[in-house]
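Trainee: Take this structure, written in structure tokens, and hold onto it; I'll ask about it next.
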Amino acid sequence: MEASAAAGRAADACVDACLLEGDVAELRGAIRLGLECADLCVSASRLLARSTDVEPRLLRGKVLACARASALCAAECERHARRHAHAKLCAQACRLSAERCEALLGELPDVHGGKPARLDARVRATTETVWRELSGQAP
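Encoded structure:
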């Protein structure tokens, strides 16, 4: 919960900082993903914070959306991290959020309400490959 809330705050701050940069046009992708990531992560963290029973299938959808948005935002911000400190901080917070959300997904029931959908080695390897591709690292 804290990781997704922190990613949402970092993405919001990064968007604000991007808008003040001289190269706003180059940062358009980071701004768009930052806005989407912030909204999805804050929404997921609010749902995770509720003390009442939350429909696990809805929670799974929110956590999955947060994980994907965090991973995409982190990858985009990493592209700009050398030139912009705010992008580096955002990338770090979003990467942690993506990792924590991925771990939580392994504990939540599947979309049909069945047993927790544990991530097997093939899925984890695929996720890591996609992460490397998004972040520009060689497979």
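Heads up: the sequence shown begins at 1182 in our numbering, then just goes up one per residue. Where is the CB? At the ideal position from N, CA and C, for every residue including glycine.
Determine the closest residue to Ala1194 out of Ala1211, Glu1207, Leu1285 and Ala1206, with distance taken between C-alpha atoms.
Mentor: Comparing Cα-Cα distances from Ala1194 to each of Ala1211, Glu1207, Leu1285 and Ala1206, the minimum goes to Ala1211.
Trainee: Output the distance between the C-alpha atoms of Leu1240 and Ala1225, rounded to the nearest integer angstrom.
Mentor: So the two alpha carbons sit approximately 8 angstroms from each other.
Trainee: With a 10 Å radius around its C-beta and 16 neighbouring C-beta atoms as the bar for buried, classify Glu1323 as buried or exposed.
Mentor: Because the chain in this structure spans residues 1182 to 1320, residue 1323 falls outside the shown range and cannot be described.
Trainee: Among Leu1289, Cys1271 and Leu1286, whose alpha-carbon lies nearest the alpha-carbon of Ala1187?
Mentor: Looking at the Cα atoms, Cys1271 is the closest of the given residues.
Trainee: Going by the C-beta, is Arg1276 closer than 7 angstroms to any heavy atom of the ligand SAH?
Mentor: Questions concerning the ligand SAH fall outside what the structure shown contains, since it holds no ligand whatsoever.
Trainee: Ordered along the chain, which non-local residues of its own chain (more than five positions away) have a Cβ less than 7 angstroms from that of Ala1279?
Mentor: Within the same chain, Ala1279 has close Cβ partners Ala1248, Ser1251, Ala1252 and Ala1255.
Trainee: Can you tell me the Cα-Cα spacing of Ala1274 and Cys1199, whole angstroms?
Mentor: Between Ala1274 and Cys1199, the C-alpha separation is close to 16 angstroms.
Trainee: Just to confirm the assignment, what range does the alpha helix (DSSP H) spanning Ala1256 have?
Mentor: Counting along the chain, the alpha helix (DSSP H) containing Ala1256 begins and ends at Pro1237 to His1261.
Trainee: State buried or exposed for Pro1320, treating a residue as buried only when at least 16 other CB atoms are found within 10 Å of its CB.
Mentor: With a pLDDT of only 46 at Pro1320, under 50, the local geometry of the prediction cannot be trusted, and the value read off the model is given with reservation. Burial call: exposed.
Trainee: Identify whether Cys1199 lies in helix, strand or coil by the three-state DSSP scheme.
Mentor: Note: Cys1199 maps to helix in three-state DSSP.
Trainee: Between the alpha carbons of Leu1300 and Gly1287, how many angstroms are there, rounded?
Mentor: Note that Leu1300 scores a pLDDT of 46, beneath 50, so its modelled location is shaky and nothing firm can be said.
Trainee: Since I believe His1267 is in contact with Leu1208 (beta carbons under 8 angstroms), could you give me their beta-carbon distance rounded to a whole number of angstroms?
Mentor: Leu1208 to His1267, Cβ: 10 angstroms. No contact.
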